[in-house]
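Visitor: Just so it is clear: in the sequence shown, position 13 is 194 by the working numbering, and no numbers are missing.
Sharing a structure, written as structure tokens. Questions coming.
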Amino acid sequence: MSTPARSIRWLIPVVLLIAWLGIGGGLGPYAGKLGEVATNDQASFLPQNAESTQVIEAQKAFQQNETLPAIVVWTSTEKDAPVSDEQRKAATGALASLAGSDGIVGAPSPALPSQDGLALQGIVQLSPGLGDELPTVLERIDEAGASVPGTTVQLAGPAASQADLSDAFAGIDGLLLGVALITVLVILLLVYRSVLLPFVIILGAVFALALSCAIVYVLADHDIVRVDGQVQGILSILVIGAATDYALLLTARFREELAVHGDRFTAMRIALRESFGPITASAATVAAGLLALLLSDLTNNRALGPVGAIGIVCSVLSALTFLPAALVLLGRKAYWPAKPRPADDEGHGIWHKVASLVDRAPRKVWAITLAGLIACAAFAPTLTSKGVPLDEIFVNDAPSVAAQQTLSEHFPGGSGNPVVIISAADRLTEVSEAAGRTDGVASVAPVSASGRPGGEPLVVDGKVRIDATLKDAADSDGAKETVAALRTAVHAVPGSDALVGGYTAQQYDTQRTAEDDRVLIVPVVLAIILVILVFLLRSLLMPVLLVATVALNFLATLGISSLVFTHVFGFSGTDSSVPLYGFVFLVALGVDYNIFLMSRVREESLRHGTREGILRGLTTTGGVITSAGVVLAATFAALGVIPLAFLLQIAFIVAFGVLLDTLVVRSLLVPALVRDIGPKAWWPGALSREGSDGRRGTVAEAGSGSR
């Protein structure tokens, strides 16, 4: 080769490496800046067109200043002792002393005793835009409440919950990312026993994350996409896991080709050619599955779609540009002290034994694994996804949850979270009476100009606001049933144009919308994945088989999750969006491992026939795909460091499901089924027409030029 051509061969990887170093250095800080454009307010989780969302907009007309309420609760320091009149007066004075201070809107309410006389409550309205100043304002309220002698003070309500939520997400930028990267690094060091390779792979994942965070930051800053704490955390984990998976596939293939050809450039050219299809197809399934979330009517679901897809695209870009450049420049040193060896040099390792088992008794293998998965899937219907009660939102003992429990013990269950009814002013009496007659409603009162129930109703544009306090806890199933009955009652009042909203109505609408989303999005995702697999594998039966197995894996995972959530974690249910998130990630990511396996099986089958192709494909890809599955499971498990039930549930479902898929479905069920079905599994492709010798002339010829 001429000197200029040789120089160009070296110049391309050097330029790519410098470009990615610039991306990492220049855009890296954006990975820690997404919190600046993230919002964790309740509106980000609401259905776009639901009645409760309409009420939020209608409520704004009744508020001269939008506020964020904090509920102050006092109980006696002596067990079961009633609060005295002196304590009630002191509490009212403490609340009054807060009027006019920074962050406080208007005059706080007086302290009101509970019906059992054992507690007091007062409401302080805060400015909603306090941001980082919210904890300081709440601390001032707590100090004022603590001045009441002989009592214990707690803070509940939306303001206290928002502060605890912000504390929970405080670890998104640092703790979560650090735990995920360290976990991946340790796994890679143990699996590959290489000094440099794990750091190169981690560096590529970090560069992909930097690029994706920078793009998302700009889009969020211009209100093109929406980011909340959950989306932010999932983006980090998704990029690290996906980028590492794609990198493992390429590095394993490069190692094989390097052992065969010796020349690093030839080895990389072949490795890229053979890995490009599986990697891009795998990325396409995940990105398309995420983009299907745009069909959701839930704001945070739609937010995750494009943000996650951006992360996947950046992961692929890093794996197909930065990683090849780094590997070419390092050559064999990338794997030091291990030595690259050919794919045929598998010896008698674990995957050779697994392949032999599948070859000897394929029907027994798939029958046993299928029966086990079906048994696990039988428990899937027991997973309750009607929402998580307030006292289960946080994994740890959040102060706002304890305060809400105290509030519920002494006041009607819905205290602090009233149902909000917006009605025509000339139908106030009829709507109030209809609401008051509804089972489960404790009290009904119109809201006055002071912003509190009672007194002369405030009329704005011919509308009034009515607050209804429920008997049951605002997050209970009973309260949601009351909301449904309440809507039926007030909607029946002629000319009222009544709308029912508030916290409980929001939970009810979110639950129903999530159910509708699953009915719509699940088949769309399956159809998208099926089409991608048909084009990749050039078959119809094989893609149907793969999609069916990953769907069964998802159901089996839900069944196990139901048992673990109930009997180990003590959850009474899951967030209504958890099953959909779990489906999108598990099915899309689960198909990835089957794509990695079956694309290699197809490549080997073109040369050696279906039977030998299955055995060779399983043996050569077993280690790398299992490593990829372990890495992805570990990265999603890192979400558990954020003390929120939603993220813990997603972490378990994805981590367990990925391990089940890569260790059982991809390793045993799929190979055994294909081995038992034989060449017909590739119908109607050319491979389905193999002869009795396991090969067909046109097939063999097609494969002869694959290298």
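Glycine included, each C-beta is placed from N, C-alpha and C at the ideal position.
Answer yes or no: do threonine 807 and leucine 844 have a C-beta to C-beta separation smaller than 8 Å?
Guide: The answer is yes: Cβ separation under 8 Å.
Visitor: Give every residue of the same chain whose Cβ lies closer than 8 Å to the Cβ of phenylalanine 735, excluding the five residues on either side of it in the sequence, and list them in chain order.
Guide: Around phenylalanine 735: Gly763, Phe764, Leu767, Val768, Gly771, Gly838.
Visitor: So, for serine 456: in the same chain, excluding its five sequence neighbours on each side, which residues have a beta-carbon less than 8 Å away from its beta-carbon?
Guide: Only Leu430, Leu431, Arg434 meet the Cβ criterion.
Visitor: On the criterion of 16 or more Cβ atoms from any shown chain inside 10 Å, does arginine 847 qualify as buried, or is it exposed?
Guide: Per the 10 Å Cβ criterion, buried.
Visitor: Based on DSSP bridge pairs, tell me the residues matched to valine 253.
Guide: According to DSSP, which records beta bridges pairwise, valine 253 is partnered with Gly303, Leu336.
Visitor: Can you tell me the Cα-Cα spacing of serine 499 and asparagine 482, whole angstroms?
Guide: Distance between the alpha carbons of serine 499 and asparagine 482: 26 Å.
Visitor: What residues match up with alanine 649 in a beta bridge as DSSP calls it?
Guide: Per DSSP, Val600, Val625.
Visitor: In or out: serine 278 buried (at least 16 other Cβ within 10 Å) or exposed?
Guide: Under this definition serine 278 is an exposed residue.
Visitor: How is alanine 605 classed by DSSP in three states: helix, strand or coil?
Guide: If DSSP states are grouped into helix, strand and coil, alanine 605 belongs with the strands.
Visitor: Just the C-alpha distance for alanine 558 and arginine 269, rounded to the nearest angstrom, thanks.
Guide: The alpha-carbon atoms of alanine 558 and arginine 269 are separated by roughly 56 Å.
Visitor: Suppose contacts are defined by Cβ-Cβ distances below 8 Å. Is alanine 649 in contact with proline 593 by that definition?
Guide: Not closer than 8 Å, so no.
Visitor: What is the rounded straight-line gap between the Cα of serine 463 and the Cα of phenylalanine 777?
Guide: About 8 Å.
Visitor: Whole angstroms are fine: how far does the CA of valine 805 sit from the CA of histidine 672?
Guide: If you take the alpha carbons of histidine 672 and valine 805, they lie about 60 Å apart.
Visitor: Taking only the alpha-carbon atoms, compute the straight-line gap between glutamate 124 and isoleucine 795 and give it to the nearest angstrom.
Guide: Here the chain covers residues 182 to 888 and nothing more, so residue 124 does not appear.
Visitor: Would asparagine 230 be called buried (16 or more neighbouring beta carbons within 10 Å of its own) or exposed?
Guide: Asparagine 230 comes out exposed.
Visitor: Thinking C-alpha only, which one of Ser537, Ala507, Val397, Val494 is nearest valine 196?
Guide: Taking only the C-alpha atoms, the option nearest valine 196 is Ala507.
Visitor: What is the C-beta distance between leucine 362 and isoleucine 382, in whole angstroms, given that I count them as a contact (C-beta under 8 Å)?
Guide: That belief does not hold up - the Cβ atoms of leucine 362 and isoleucine 382 are roughly 11 Å apart, past 8 Å.
Visitor: Taking the alpha-carbon of serine 496 as reference, which of Pro543, Leu554, Pro459, Ser393 has the nearest alpha-carbon?
Guide: When each option's Cα is compared against that of serine 496, the closest is Ser393.
Visitor: Examine chain B for any beta-carbon lying closer than 8 Å to the beta-carbon of proline 263, and answer yes or no.
Guide: Judged by its chain identifiers, the structure shown contains no chain B, having just a single protein chain.
Visitor: What would DSSP say about isoleucine 823, mapped onto helix, strand or coil?
Guide: Coil at isoleucine 823, not helix or strand.
Visitor: Sort out for me which residues DSSP pairs proline 724 with in a bridge.
Guide: The partner list for proline 724 (beta bridge, DSSP) is empty, contrary to what the question assumes.
Visitor: Which residues in the same chain as isoleucine 193 place their Cβ atom closer than 8 Å to its Cβ, once the five residues preceding and following it in sequence are excluded?
Guide: Excluding positions up to five away in sequence, the list reads Ala506.
Visitor: For alanine 327, which residues of its own chain have a beta-carbon under 8 Å away from its beta-carbon, when the five flanking residues on both sides are left out?
Guide: Once the five neighbours on either side are set aside, the close Cβ partners of alanine 327 are Val334.
Visitor: Using C-beta distances below 7 Å, list every residue in its chain close to serine 342, excluding the 5 sequence neighbours before and after it, in chain order.
Guide: Answer for serine 342: Ser581, listed in chain order.
Visitor: Taking the C-alpha atoms as reference points, what is the distance between leucine 841 and alanine 556?
Guide: Distance between the alpha carbons of leucine 841 and alanine 556: 14 Å.
Visitor: Pull the bridge partners of phenylalanine 575 from the DSSP assignment, please.
Guide: Note: phenylalanine 575 sits in a beta bridge opposite Leu825.
Visitor: Return helix, strand or coil for lysine 644, following the three-state DSSP convention.
Guide: Looking at lysine 644 - three-state DSSP - the assignment turns out to be strand.
Visitor: With distance defined between alpha-carbon atoms, name the residue in Ala561, Gln586, Thr563, Thr565 nearest to leucine 571.
Guide: For leucine 571, the nearest C-alpha among the options comes from Gln586.
Visitor: Excluding the 5 residues preceding and the 5 following valine 408 in the sequence, name in chain order all residues of the same chain whose CB lies nearer than 7 Å to its CB.
Guide: Once the five neighbours on either side are set aside, the close Cβ partners of valine 408 are Leu215, Val218, Ala219, Val397, Ala401, Ala484, Val488.
Visitor: Does the structure place the region 543-554 close enough to the region 252-267 that three or more beta carbon pairs sit under 8 Å?
Guide: No: fewer than three Cβ pairs fall under 8 Å.
Visitor: Rounded to the nearest angstrom, how far is the Cβ of leucine 711 from that of leucine 476, given a contact under 8 Å?
Guide: In fact, because the Cβ distance is near 17 Å, the residues do not count as touching under 8 Å.
Visitor: DSSP beta-bridge partners for leucine 479?
Guide: In the DSSP output, where bridge partners are listed per residue, leucine 479 has Pro228.
Visitor: If I measure Cβ to Cβ from leucine 511 and keep anything under 8 Å in the same chain, skipping five residues before and after, which residues do I get?
Guide: Here the set comprises Leu377, Val381.
Visitor: From this set, Leu356, Leu707, Arg792, Glu238, which residue's C-alpha is nearest alanine 465's C-alpha?
Guide: Comparing Cα positions, the closest option is Leu707.
Visitor: Mapping DSSP to helix, strand and coil, what is isoleucine 285?
Guide: In the structure shown, isoleucine 285 sits in a strand (DSSP, three-state: E or B).
Visitor: Please classify serine 294: does DSSP put it in a helix, a strand, or coil?
Guide: A small fix is needed here, since residue 294 is proline in this sequence, not serine. Looking at proline 294 - three-state DSSP - the assignment turns out to be strand.
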